[in-house]
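Down below is the structure, laid out as structure tokens.
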Amino acid sequence: MDVTHDADRARSLRRALESLRAGPDPKLREMASAVLRGELTAQQAFTDPEYTSALFAGAAEVRRAGEQRSSSEVDEAGARFAAWQRQRDGEDEDERAESARRNSGSRLMPKHRADPGT
């Protein structure tokens, strides 16, 4: 992705875009789909007034819902988030390992034939 500078951030952004593409907001689905198809850069999407408005509206809803939680709901959400984060960390590690395997295979030096004159 054009706004990330390392594989982990690119992977995280791709996952966020995939979530938005499957989400309930039609404007965010449109934006995420366009970025994932390569029709729009992430930078263009994040600076477009319509898309940023939709992103901020969603964030405001999340904030309001968070403010209305009881302390037990906050604790439960924290535990769910920790479990989700552990799962995500495992997926990230699996993807890094797979990427390393693919890259190490492409870096192998080609075998040279022995010089028939020696």
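Here the numbering used here is used: the first residue of the sequence shown is 866, the next is one more, and so on. Positions of the beta carbon are idealized from the N, C-alpha and C atoms, including for glycine.
Quiz item: Counting pairs of Cβ atoms below 8 Å between the region 866 to 885 and the region 955 to 969, do you hit three or more?
Solution: At 8 Å Cβ cutoff, the stretches touch.
Just to confirm my understanding: we take Ala900, look at its own chain, exclude 5 residues before and 5 after, and list those with CB closer than 6 Å. What are they? Here residue 900 refers to the residue found at position 35 of the sequence shown. Per the sequence presented here, residue 900 reads as Val, with Ala not at that position. Take Val900, set aside five residues on each side of it, and the residues of its chain with a beta-carbon closer than 6 Å to its own are Leu882, Ala907 and Ala910, in chain order.
What number of angstroms, rounded off, separates the C-alpha of Pro914 from the C-alpha of Pro889?
-> In the sequence shown, residue 914 corresponds to position 49, counting from 1. In the sequence shown, residue 889 corresponds to position 24, counting from 1. The alpha-carbon separation between Pro914 and Pro889 amounts to approximately 19 Å.
Buried versus exposed call for Ala919 [16 or more other C-beta atoms within 10 Å across all chains shown]:
Taking the sequence shown and counting its residues from 1, the one referred to as residue 919 is at position 54. In the assembly as shown, Ala919 is a buried residue. Its beta-carbon has 16 or more other beta-carbons within 10 Å.
**Message:** At the level of alpha carbons, what is the spacing between Lys892 and Arg967?
**Reply:** On the sequence shown, residue 892 is found 27 positions in, with the first residue counted as 1. On the sequence shown, residue 967 is found 102 positions in, with the first residue counted as 1. Distance between the alpha carbons of Lys892 and Arg967 is about 36 Å.
For this session: Determine the extent of the alpha helix (DSSP H) in which Arg886 is found, giving its start and end residues.
Result: To locate residue 886, count along the sequence shown from 1; it is residue 21. Following the DSSP letters along the chain, one finds Arg886 inside the alpha helix (DSSP H) bounded by residues Ala872 to Arg886.
* To do: Determine the extent of the alpha helix (DSSP H) in which Pro889 is found, giving its start and end residues.
  => Along the sequence shown, one-based indexing puts residue 889 at 24. Judged by DSSP secondary structure, Pro889 falls outside any alpha helix (DSSP H); it is assigned neither H nor E.
Exercise. Do you know offhand how far Ala948's Cα is from Ser964's?
Worked result: Taking the sequence shown and counting its residues from 1, one reaches residue 948 at position 83. Taking the sequence shown and counting its residues from 1, one reaches residue 964 at position 99. Approximately 24 Å, taken between the alpha carbons.
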